[in-house]
Every structure is written in C-alpha cells, then in structure tokens.
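Down below is the structure, laid out as structure tokens.
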Amino acid sequence: MPQKKQQRASFDELLNSATHSAVHLEMRDIYGVAGEAEEFEQWKRTGEVDLDPESEGWSRWTALVRQAVARGVVMRRARIVSEPVSQYIKYEHATTAVNVTVGEQVRWLPRRRTSDIALPGNDFWLFDDRLVRFNHFTGDGDGAGFEYVVRTGTSGPDRAAEPTC
C-alpha cells in the first residue's frame, strides 16, 4: 500500500504523541552531532564520559524518555555497527548506560550479520508502528534533514528492518 508524506513535527512532539512504541534504527559508524563534539573530543583524550542523566548534556533527552516510558511507551534502539568499531561507536557505547538507565532498550548488531535483512537506506524513528521519521546525513555524519512518512500498509523498508529487541 502507498505511504503518505506527513507534515513535519518536532521530535519532541512525535515522542510526546506516541502511545505504545518508539523504535530507533541507527546504522552509521559516525555521527557529526554538533552538541556532542566537545564531549566526544574529551572522551578521546581522557576516556571519560558524562553518565549523569540529570546533567545539562543529558537532562532534556532523559526527561523525554522518562515521560514516554511512564506513559507506557516502549522505547527500543538498535545499532548496526561495523567491526572493528569506529572511535565514535566506542564513545557511543560508553554513553549507552544513560539510555538504558532511563528506560530505553538498546541492542547492538554487527553489520556482517545483517546481510539477509532488508535494511532501509537511512536511519529512522518509527512511532506507534505508523509514523516514520527518516534521518538523512551527509557523508561526514552531519544531519541533512528528515523525511516524514505515514505508513498505510504492513510492509516497507522500515518494517523489514524494524528491530525486534
């Protein structure tokens, strides 16, 4: 069945409107997230990361997740990674304890084990098995916008790759 384009909404609005699930698929080996640049550099120098869910760097995200989980939303995140893993993935792994502490279910899958899985070309968030927000990135990992799609059927690239964690 065809998919319909959805009007743009902020991530906060999408997560706040979710009623039962929010699924995130991440497939890149590096992300150029401007807000993480300083902490990533510090981690490369010292091996230390911010694991305080209430810190300035985490509090906005952790509040959103806690509110969603309290409403009964199951938040699942799957990370497909190359091996050996990149420095960024090592950094991301070091910070994942915060995601788990506030209620996310996070799973890791080596890329070599995904050859028989139909994966979409882009990372995405899937809200309530219906609304997809595809995340577009540049080759350097910088954000390059989003695409919003409402699923009107039971198949499609996002359905095939939906994590079962």
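First residue of the sequence shown: 929, per the numbering used here; consecutive thereafter.
Backbone N, C-alpha and C define an ideal beta-carbon position, used for all residues, glycine too.
Three-state class that DSSP yields for residue i in the structure shown
| i | result |
| --- | --- |
| A946 | coil |
| V1077 | strand |
| R936 | coil |
| L992 | helix |
| I1138 | This structure does not reach residue 1138, given that the chain is present from 929 up to 1093, and the question cannot be answered. |
| T888 | With the chain represented from 929 up to 1093, any question about residue 888 goes unanswered, as that position is not in the structure. |
| G985 | coil |
| E969 | helix |
| V1030 | coil |
| V997 | helix |
| E1020 | helix |
| E964 | helix |
One or two residues paired with residue i in a DSSP bridge
| i | result |
| --- | --- |
| W1053 | H952, R1061 |
| W1036 | R1007 |
| V1002 | S949 |
| G1071 | F1065 |
CA nearest to the CA of residue i, picked from the options
| i | options | result |
| --- | --- | --- |
| R973 | P1038, Y1016, G960 | Y1016 |
| R1030 | G1071, Q995, P1012, A950 | The question names Arg, but residue 1030 in the sequence shown is Val. The shortest Cα separation from V1030 among G1071, Q995, P1012, A950 belongs to Q995. |
| P1048 | V1060, G1073, L943, M1003 | V1060 |
| D1068 | E964, R1040, I958 | I958 |
| A1072 | P1038, V997, N1063 | N1063 |
| R1004 | T1080, H948, E1020, A937 | H948 |
| E1020 | F968, A1046, P981, D980 | F968 |
| T1066 | A1006, E966, V961, E984 | V961 |
| E1011 | D1057, T1024, T1023, W1036 | W1036 |
| D940 | D980, Q970, A991 | A991 |
| W1094 | T1023, R1039, A946 | As shown, the chain starts at 929 and ends at 1093. That puts residue 1094 outside it, with no answer to give. |
Spatial distance of residue i from residue j (CA atoms)
| i | j | result |
| --- | --- | --- |
| S1043 | I1008 | 11 Å |
| D1070 | R956 | 11 Å |
| G975 | T1080 | 45 Å |
| V1034 | A1006 | 6 Å |
| D1057 | N944 | 15 Å |
Rounded distance between the beta-carbons of residue j and residue i, thought under 8 Å
| i | j | result |
| --- | --- | --- |
| D978 | W986 | 7 Å |
| F1052 | A950 | Contact flag wrong, Cβ pair sits at about 11 Å. |
| V993 | E954 | Contact doesn't hold; Cβ gap of about 15 Å is too wide. |
Neighbour flag for residue i against chain D, beta carbons, 7 Å
| i | result |
| --- | --- |
| L942 | Within the model displayed, chain D is absent; a lone protein chain is all it includes. |
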